[in-house]
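Chains as they are written, first to last, in the working numbering: chain A, 1 to 226; chain B, 227 to 342.
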Amino acid sequence: TKWGGSQCPACGVPGSDPERQRELLLNLAKQNILDKLHLTQRPTLIQPVSRATLRTALRRLHGPRGRILSDSILGVSGIGAEEQEYEIISFAETGHSTANRTVLDFRLSPDQTSAGLEVLQARLGFFLQMPPNGTWSMYVKVLLPRPQDTNLDLTTQHQLEVDSSGWYQFLLGPEAQAAYSQGHLTLELEPKGWGAQSPVVLDKDAQQPFIIARVRIGKKHRIHRR
Amino acid sequence: GIECQGGSQMCCRQEFFVDFREIGWHDWIIQPEGYAMNFCTGQCPLHVAGMPGIAASFHTAVLNLLKANGAPGTAGGGSCCVPTARRPLSLLYYDRDSNIVKTDIPDMVVEACGCS
């Protein structure tokens with residue numbers, strides 16, 4: 001900010017009444033937060049998530065990780081303190097599910113952190129309700145939209161062994177980067193040799209499947225100063 | 227740093243809390259409940275710049291050293307009330323698709339002020 005003579009800008013807001021000053025500061029605060037979040041306006045919520053769902057997901061975010069079912073993680077290295085990271089929880093919308101197949105759709109809002117978004121890690125959390133004493137196989141299929149149309153392509157398939165009820169976490173591989181760039185990800189969970197009802201719980205109150213991603217804005221145009 | 231109180235004209239930290247409920251943002255910002263948009267205000271006479279407890283920043287120390295050595299451009303005024311310590315603001319919020327986002331925005335909350 002320019003300052004004239006010996007007066008510096010922090011010496012006070014001259015001449016305005018307190019109410020107007022307050023309004024000015026509130027607008028400044030709003031604009032500052034929106035700018036720092038790379039938003040042009042405050043989001044309008046269409047489908048707010050229930051408190052119970054939120055609580056569960058947050059517990060999973062920083063709490064004990066439970067059973068992690070894959071070693072395929074994305075490259076994560078030392079992150080400078082000046083780089084702003086985001087942790088994003090996206091809840092699944094269920095697609096055409098049957099007893100043998102549960103389809104989970106995720107809208108990943110790629111525009112919120114602009115281009116150059118770098119996904120450091122993404123993991124799927126889902127809850128299984130199973131009878132005791134048994135081990136089953138489950139396939140997790142990762143489907144992404146083709147660039148030229150809206151059809152989905154199978155990009156990877158993983159086989160997991162599951163043996164009891166509870167939360168499971170599955171680490172997504174490099175395909176998560178593509179999903180976040182395109183703004184959409186579809187996963188199919190296919191239990192093998194299962195009965196009439198899928199063990200995947202889709203309860204919207206507390207056991208809704210979700211993806212937790214750790215991302216940061218890409219390194220493009222970063223200037224190093226020595 | 228010094229907190230602003232009464233009619234003090236000297237450089238100090240003015241607290242200003244923005245309640246998200248008051249501005250109608252509590253529906254999309256889950257945590258925290260508000261933003262401490264503190265700011266620095268007040269005057270910095272030359273004799274105050276660099277006094278211990280008022281300006282403890284590294285930059286102030288450098289400037290004073292330059293002044294003491296009579297470096298050109300450091301003689302005439304220019305002392306300003308500025309933040310000397312800041313911390314990030316952690317936000318947990320919904321985006322427009324109801325995804326939940328957590329991030330730490332660096333340098334958002336002023337913790338102390340001093341004369342530059």
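Glycine included, C-beta positions come from ideal geometry on N, C-alpha and C.
The structure displayed is predicted, hence computed values, not measured ones.
DSSP three-state assignment for residue i, whether helix, strand or coil
| i | result |
| --- | --- |
| A/L160 | strand |
| A/L74 | At A/L74, the pLDDT of 40 sits below 50, so the modelled position is not reliable; the number obtained from the coordinates is stated separately. If DSSP states are grouped into helix, strand and coil, A/L74 belongs with coil. |
| A/R101 | strand |
| B/T267 | strand |
| A/K30 | helix |
| B/R312 | strand |
| A/A92 | coil |
| A/Q84 | coil |
| A/D35 | helix |
| A/T53 | helix |
| A/A43 | Per the sequence presented here, residue 43 of chain A reads as Pro, with Ala not at that position. DSSP places A/P43 in coil when its eight states are reduced to three. |
| A/L108 | coil |
| B/A257 | Ala is not the amino acid found at residue 257 of chain B; the sequence shown has Gln there. B/Q257: strand per DSSP, three-state reduction. |
| A/R59 | helix |
| A/E23 | helix |
| A/P18 | helix |
| B/M334 | strand |
| A/M130 | coil |
| B/G227 | coil |
| A/P145 | strand |
| B/C237 | coil |
| A/G116 | coil |
| A/I79 | With a pLDDT of 40 at A/I79, under the threshold of 50, the modelled position of that residue is not reliable, and no figure is offered here. |
Beta carbon proximity, residue i to chain B, threshold 8 angstroms
| i | result |
| --- | --- |
| A/V76 | At A/V76 the pLDDT is 37, less than 50, meaning the model places this residue with poor confidence and gives no usable figure here. |
| A/S109 | yes |
| A/L185 | no |
| A/R42 | yes |
| A/K36 | yes |
Contact set between residue i and chain B, taken where Cβ atoms lie within less than 8 angstroms
| i | result |
| --- | --- |
| A/Q129 | Chain B residues near A/Q129: none, gap ~24 angstroms exceeds 8 angstroms. |
| A/Q84 | T329, D330, I331, P332 |
| A/L54 | I256, I326 |
| A/E87 | V327, K328, T329 |
Cβ separation of residue i and residue j, assumed to be a contact under 8 angstroms, to the nearest whole Å
| i | j | result |
| --- | --- | --- |
| A/V49 | B/S324 | 6 angstroms |
| A/L160 | A/M138 | 5 angstroms |
| B/Q240 | B/L318 | That pair is no contact at about 27 angstroms. |
| A/S164 | A/A99 | Incorrect: roughly 20 angstroms between the Cβ atoms, too far for contact. |
| A/L128 | A/Y168 | 6 angstroms |
| A/F91 | A/R123 | That belief does not hold up - the Cβ atoms of A/F91 and A/R123 are roughly 14 angstroms apart, past 8 angstroms. |
| A/T53 | A/Q208 | 5 angstroms |
| B/R343 | A/P43 | Limits of chain B in this structure are 227 at one end and 342 at the other, which puts residue 343 of chain B out of reach. |
| B/K328 | A/E87 | 4 angstroms |
| A/V142 | A/L187 | 6 angstroms |
| A/R216 | A/E118 | 5 angstroms |
| B/G233 | B/D245 | That belief does not hold up - the Cβ atoms of B/G233 and B/D245 are roughly 26 angstroms apart, past 8 angstroms. |
Any chain A beta carbon closer than 8 angstroms to residue i
| i | result |
| --- | --- |
| B/V336 | no |
| B/I228 | no |
Neighbouring residues, chain A, relative to residue i (Cβ below 8 angstroms)
| i | result |
| --- | --- |
| B/M263 | L25, L28, A29, N32 |
Contacts of residue i in chain B (Cβ-Cβ under 9 angstroms)
| i | result |
| --- | --- |
| A/A57 | I326 |
Exercise for the section: Would you list, in sequence order, the uninterrupted beta strand (DSSP E) runs of no fewer than 3 residues that lie entirely inside the segment 165–226 of chain A? Expected result: 166–171, 184–191, 210–217
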